[in-house]
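Chemist:
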Amino acid sequence: MEPTPTAPALTLRPWRDSDVPTIVAAHRDEAMRRWLMRPINDEDEARAWLADQHRGWADDTLLSWAVEEDGAVVGCFVIKAANPPVMLATGVGYWTVAQARGRGIASRCVETATEWLFGGQDFMPADEVEQLHTVGNEGSCRVAQKCGYVLDSVLPPLPPKFPDEGHRHLRKRPVQATTDTSTRVPSP
Ligand SMILES: CC(C)(COP(=O)(O)OP(=O)(O)OC[C@H]1O[C@@H](n2cnc3c(N)ncnc32)[C@H](O)[C@@H]1OP(=O)(O)O)[C@@H](O)C(=O)NCCC(=O)NCCS
């Protein structure tokens, strides 16, 4: 992702085994432990999480990237394939390391990925993209809203994985102006 007037470029790359200590350190943060479905406590759990990210790439259900700024990992960004009944559409997800927050990293990733999803590529095309978060997660809610994901519905708890109510935000692909002239009334 290109630099902005106030922030360096961001690079999305697949996760590596050498990221394990960074992942464990990122998960020591209180907000990560409060809001992520799967907080990571140690290197074994980080390795199991990494294996799931690799599996997601292998079966096209989860595209998971490390987000790098100036060569350092500053977050995670994912695109998830729809998985009813929990996820009705292709979804986006994110976290950023505590010291990198408030600099637009999550929202730049969401914006770029959404453009890609709507942009006509064949790999994972989408007409609408959703973002799910627990009610009360103001930061995640704000990122979604800033990126044009409007609040679509409040989801009931779905224990054990989702013990609390959630927000479903949705952004739809813009309707293309039609060039079809066949239904126009011909000029006299
Ligand atoms: C939510 C999170 C990903 C935001 O990352 P970030 O890189 O700081 O987000 P951005 O800098 O792109 O912020 C986008 C907007 O959200 C706002 N925002 C970010 N965190 C906020 C918070 N905790 N409360 C209120 N607003 C917040 C920013 O001010 C910005 O709005 P603005 O441009 O109008 O000022 C980060 O706080 C995080 O990792 N939290 C813990 C994990 C998590 O909750 N992940 C989401 C799970 S669904």
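So the sequence shown is numbered by the working numbering: it starts at 274 and just counts up by one. Here a beta-carbon is modelled for each residue, glycine too, at the ideal position from N, C-alpha and C.
Run through DSSP, which three-state label would HIS300 get?
Modeler: HIS300 falls in the coil class under three-state DSSP.
Chemist: Verify the contact flag: GLU388, CB atom, against every heavy atom of ligand 1, threshold strictly below 8 Å.
Modeler: Checking the Cβ of GLU388 against ligand 1 gives no.
Chemist: Does the distance between the C-beta of GLU438 and the nearest non-hydrogen atom of ligand 1 fall short of 8 Å?
Modeler: No, ligand 1 has no heavy atom inside 8 Å of this Cβ.
Chemist: Looking at ligand 1, does it come within less than 8 Å of ILE296, judged from the CB to the closest heavy atom?
Modeler: ILE296 Cβ: outside cutoff for every heavy atom of ligand 1.
Chemist: So what does PRO276 bridge to, in DSSP terms?
Modeler: Its beta-bridge partners do not exist; DSSP assigns none.
Chemist: Quick one: does the C-beta of THR279 sit closer than 8 Å to a heavy atom of ligand 1?
Modeler: No; taking the cut-off as 8 Å, the Cβ of THR279 has no heavy atom of ligand 1 nearer than that.
Chemist: My assumption, with CB atoms under 8 Å, is that VAL346 sits in contact with TYR367. Please give the rounded CB distance.
Modeler: So it is not a contact: roughly 13 Å between Cβ atoms.
Chemist: How big is the Cα-Cα spacing for LYS353 and ARG307?
Modeler: LYS353 and ARG307: Cα-Cα distance of roughly 21 Å.
Chemist: May I ask you to list the residues that DSSP assigns as paired with TYR367?
Modeler: PHE350.
Chemist: Drop a sphere of 10 angstroms on the beta-carbon of LEU424, count the other beta-carbons inside from all chains shown, and report buried for 16 or more, exposed for fewer.
Modeler: Under this definition LEU424 is an exposed residue.
Chemist: For ASN356, which residues in the same chain have their Cβ closer than 8 Å to its Cβ, ignoring the five residues on either side in sequence?
Modeler: Answer for ASN356: THR334, listed in chain order.
Chemist: Which residues mark the beginning and the end of the alpha helix (DSSP H) in which VAL383 is found?
Modeler: Taken as a continuous stretch (DSSP letters only), the alpha helix (DSSP H) holding VAL383 covers 378-391.
Chemist: For SER460, count neighbouring Cβ atoms within 10 angstroms of its own Cβ and tell me buried if that reaches 16, exposed if not.
Modeler: Unreliable positioning characterises SER460 in this predicted model, as indicated by a pLDDT of 48, which lies under 50. A coordinate reading is not provided.
Chemist: Taking buried to mean at least 16 other C-beta atoms within 10 Å of its own C-beta, is SER337 buried or exposed?
Modeler: With 16 or more other Cβ atoms within 10 Å, it is buried.
Chemist: Verify the contact flag: GLY409, CB atom, against every heavy atom of ligand 1, threshold strictly below 8 Å.
Modeler: Outside the cutoff, so no.
Chemist: ARG441 to LYS434, Cα distance in whole Å?
Modeler: Cα-Cα distance, rounded: 16 Å.
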